[in-house]
Every structure is written in structure tokens, then in C-alpha cells.
Amino acid sequence: MNGLSDPTMPRPRLDPASFQERLLAWFDQHGRKNLPWQQAISPYRVWLSETMLQQTQVATVIPYFQAFTESFPTVEALAAAPIDEVLRHWAGLGYYARARNLHKAAQRIAELGGFPDTLEGLMALPGIGQSTAGAILSIAFNNSHPILDGNVKRVLTRLNAIGGWPGQSQVSKSLWALSAELTPSVRAAEYTQAIMDLGATLCTRSKPLCLACPVSADCQAYRQGNVSAYPSRKPPKTLPIKACFLLLLYTPDQRIYLEKRPPTGIWGGLWSLPEFAALNAAEDWCLSRNLLIKQRHSLASKRHTFSHYHLDYTPLLVQIENPTNNVMEAEQALWYNSAQISGLGLPAPIKTLLQQFNTDY
DNA sequence: AAAACGGGGAA
DNA sequence: TTCCCAGTTTT
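Below, the structure is given as C-alpha cells:
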């Protein structure tokens, strides 16, 4: 036990002034200060770089930023440019709605006669939310405003061992509160750059360099030896539900109609029951084959869960009079003796269904 | 193969 | 309010 991970150790109170001091001292010594958007700092250049960096790594952004600012050196130039020209400069960065927002916002800023210098004014522009607005205000205007981009979320969830997915509103709320608490009123611009830098270069998603971190003494996740647990992952989204009818066609002598599934996709190449999206599609299928239906009823629906969706299937039991071979379709279908189902490659839920059918009928 | 990224807009 | 999405890169 190295003491660092002893959960019974009392938590030292996080002191914002001390945190800021160590972070800024680290930034002074190790921070990145030569990135293109850190030169000739202006609201326009900060806004543009923040927008580009939302989705892309620094190294990728640099040439785009340079080409973009060369063609559109000011927000007025951007506003005056045709949208096609703007999109052409964005090509390859993805999220093209952002280029359109950028252009739209530039036109509004031009109409206003300059950049808004308030949170509300900035957030009223398309494509600028609270975090981007905070970055512009702190970096370009040196006003004290918190930000909460992906890097800062990672730093702060680790710092206070804040569990739960940051996209959750309650978690996001505590992160904003912590970000605000830690943002100093002096050196706001440098602080904002510093905490983003820390997240980008030391407090990385994987293999964080905690031994080089200036604030590891404040870091609850580090003390717990649990840094990689933060931030919590986005919960897997609820799976979509697909529904179908499975036709269990059987003869008086207990033979069952099976079809070979196409080689790719779900249950590729396995033998299974004919599958229909709708009841009348199943009926049509029987009618078109001139099957004489002796009796029919459906069983209760069941659910089978795949990695990416739920399949709710309703078995349709249809007994036919004539065990003909006119439903045979080359090598793709067969009548199978229901007492010997184990010899074929059957999907698990189909196998279960057939076993149940065997027992009950 | 899956997660991450910040904001907009649909539900 | 909450949920879902966009495109590309990284893991």
C-alpha cells in the first residue's frame, strides 16, 4: 500500500489559488505558445481555431488554419466570401455544418460592426456555445470566463474524481461549477490555455503522464490510483428494436420447413425459419405456394438481443396438409424432421424455438 | 470496432 | 429538457 491509493486518507481541500499557481508555473515553462492562433491573437482567430479544434487534432488543424486565415484574414473577409469558397477551405475537416455556421456568424458579426464581448452576445451566434464563448472571452479579451471542452472535462473529472458521464446534465453542472471555481480573475487567458494544454499533453485519455503533472497532488483520481476510470464513458445507447414474424411451417408428420439464410448479415449461412416483416407478407408467401393450411396460430413474441439491436420475433405456427416439395427452392430450403434438429447449423433462438415446438406439439 | 469531440435541432 | 446526430481520428 503506497498511501496514495488509501481511500481512508482524508481528502485535502482543493485550493484554487494554489492550483492556479502550479498550473501557470508549469505553463510558463512547458506550455505551447507558438501555435499559429497564439500569434496575433484576436477574437476572430481564437474563434476560428476553437471551432476547428473542436473536432480535430492540433497537427491537422495547423495547415487548415493557415490557409483559412490567408484567404479570409478578417471576419469581414469571411462574411463577404461565397459559402462555396468557405466550404472548399473546410473540406477534409468534417462536420461541415460548422463551416456554414462560421460563415453565418461572420455575416452577423459584420452587421454588428464587430465581435460581441459578452457571453450572451457570443452565444447568440450560430456555432458558438458556452465553452467556445468562454474561450473567446478569456483568451482574446482576457476576461475571466470558464471553459469546458473535452480536455478540461478530462482534467476536472480526474481532479475531483467526478464519476458519471460528463454528457449527463448533473455531471456537466458540477464540472462547470468546478471550472468556474478554478478560473482565476488574473491571467485568465494564460490559465485557459494552460488547462487545455495540460489536458492535451499530460492528462491525456490514455497513458496520462501523471509523474510530470504539476497538479497531481490535488488529483483525487491519482490518489485513488484510478486515473483511467475518468471520465466515465458514455453509456451505451439503448438498442433499436426490430420486429419480425418467423414462419414455423410444419406437416402432420412433424417436418419443419427451413431456409438457408444469405451468406452475409445476421445469421449468415445458417438454416432458419422464413422471416417476414409483416403478417400479411407471411400469408402471401403461403398463398403463392398453394399451401393448404390445416391450422394456424401465433405464439407469444420473444426477444433476442444482438450487439446492435433487439429482435422481437413472433413465431407463426402453420400446419399444412400436404408435405409437398413445391416449396423446395434449389439448395436453399428443406423439410427437416423436427426430432433431429441438432444436426444443422441453427441460430440459438431458432434452435430453442424448435426444441420448444418439439416438446409442445 | 468503438469512442471522442461541441453545438444545433428534433423529440 | 433530453436525445441524437455529424465526420474524422485515435485507440
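Residue numbers for the first sequence follow our numbering, beginning at 35 and rising by one.
Heads up, the beta-carbon is just placed ideally off N, CA and C, and yes, glycines get one too.
From a predicted model like this one, the values you see are computed outputs, not experimental measurements.
Supposed contact pair residue j and residue i - C-beta distance, whole angstroms, cut 8 Å
i: W124; j: A113; result: Not quite, the Cβ-Cβ distance comes to about 16 Å (not below 8 Å), so this is no contact.
i: L368; j: L292; result: 6 Å
i: Y129; j: L121; result: 12 Å between Cβ atoms; not a contact.
i: Y347; j: I275; result: The Cβ separation is near 11 Å, so there is no contact.
i: F340; j: I384; result: Contact flag wrong, Cβ pair sits at about 14 Å.
i: P50; j: L216; result: 5 Å
i: Q329; j: Q353; result: 5 Å
i: M157; j: A169; result: About 12 Å; that fails the 8 Å criterion.
i: G65; j: D231; result: 5 Å
i: G161; j: T85; result: 6 Å
i: W240; j: I290; result: The residue you asked about is not Trp; residue 240 is Ser in the sequence shown. Actually they are not in contact, since the Cβ atoms of S240 and I290 sit about 51 Å apart, beyond 8 Å.
i: R257; j: L58; result: With a Cβ gap of about 23 Å, R257 and L58 do not count as contacting.
Pick from the options that is closest to residue i, judged by C-alpha positions
i: K294; options: L280, G379, N68; result: G379
i: E104; options: P180, T90, E119; result: E119
i: Q72; options: F53, Q100, S52, W60; result: Q100
i: S250; options: R192, K241, L182; result: R192
i: W81; options: A51, G147, S172; result: S172
i: P116; options: I327, A59, K138, P97; result: K138
i: P97; options: G161, P70, Q374, R239; result: P70
i: S266; options: I196, A169, P50; result: I196
i: G126; options: E110, E154, R289, F102; result: F102
i: N177; options: L136, M230, D231, Y225; result: Y225
i: I327; options: A223, I229, L351, E110; result: L351
i: S213; options: Q63, Q164, N135; result: Q164
i: A382; options: I162, C253, L345, E355; result: L345
i: F106; options: Q91, L136, L87, A93; result: L136
i: T90; options: A59, D183, Q366; result: D183
i: H331; options: C253, G302, Y395; result: Y395
i: W304; options: K336, F310, P296; result: Inspection of the sequence shows that residue 304 is occupied by Leu rather than by Trp. The shortest Cα separation from L304 among K336, F310, P296 belongs to P296.
i: C278; options: K241, N260, L333; result: L333
i: F61; options: E309, L236, K241, N314; result: L236
i: Q227; options: Y256, G259, I75, N392; result: I75
i: K336; options: N324, L325, P349; result: P349
i: P77; options: A174, V95, K67; result: A174
i: S306; options: F53, Q366, G147; result: Q366
i: P261; options: G233, Q288, E309; result: According to the sequence provided, residue 261 is Val. The question's Pro does not apply to it. Taking only the C-alpha atoms, the option nearest V261 is G233.
i: D287; options: N324, E355, P218; result: E355
Extent of the continuous alpha helix (DSSP H) to which residue i belongs
i: S165; result: 164 to 169
i: R188; result: 184 to 193
i: D413; result: What is shown of the chain runs 35 to 395, which leaves residue 413 out entirely.
i: N177; result: Note, N177: premise wrong, no alpha helix (DSSP H); not H, not E.
i: S213; result: 203 to 216
i: K385; result: 382 to 394
i: K138; result: 130 to 146
i: G155; result: 153 to 157
i: Y78; result: 77 to 87
i: P50; result: 50 to 64
i: A255; result: 254 to 257
i: T226; result: 222 to 235
i: Y440; result: Residue 440 lies beyond the stretch modelled for the chain, which goes from 35 to 395, so this question has no answer here.
i: V109; result: 109 to 114
Cross-strand partners of residue i (DSSP beta bridge)
i: Y347; result: C278, K336
i: E309; result: L280
i: V352; result: L283, R330
Unbroken beta strand (DSSP E) run spanning residue i, endpoints
i: Y291; result: 289 to 294
i: A367; result: 367 to 371
Does the region 139 to 154 come close enough to the region 198 to 210 that 3 or more CB-CB pairs lie under 8 Å? no
Three CB pairs or more closer than 8 Å across the region 309 to 328 and the region 280 to 292: yes
Should the region 206 to 216 be called in touch with the region 183 to 190, which here means at least 3 C-beta pairs below 8 Å? yes
I want to know whether the region 81 to 90 touches the region 243 to 258 - three or more CB-CB distances under 8 Å. Segments in contact, no.
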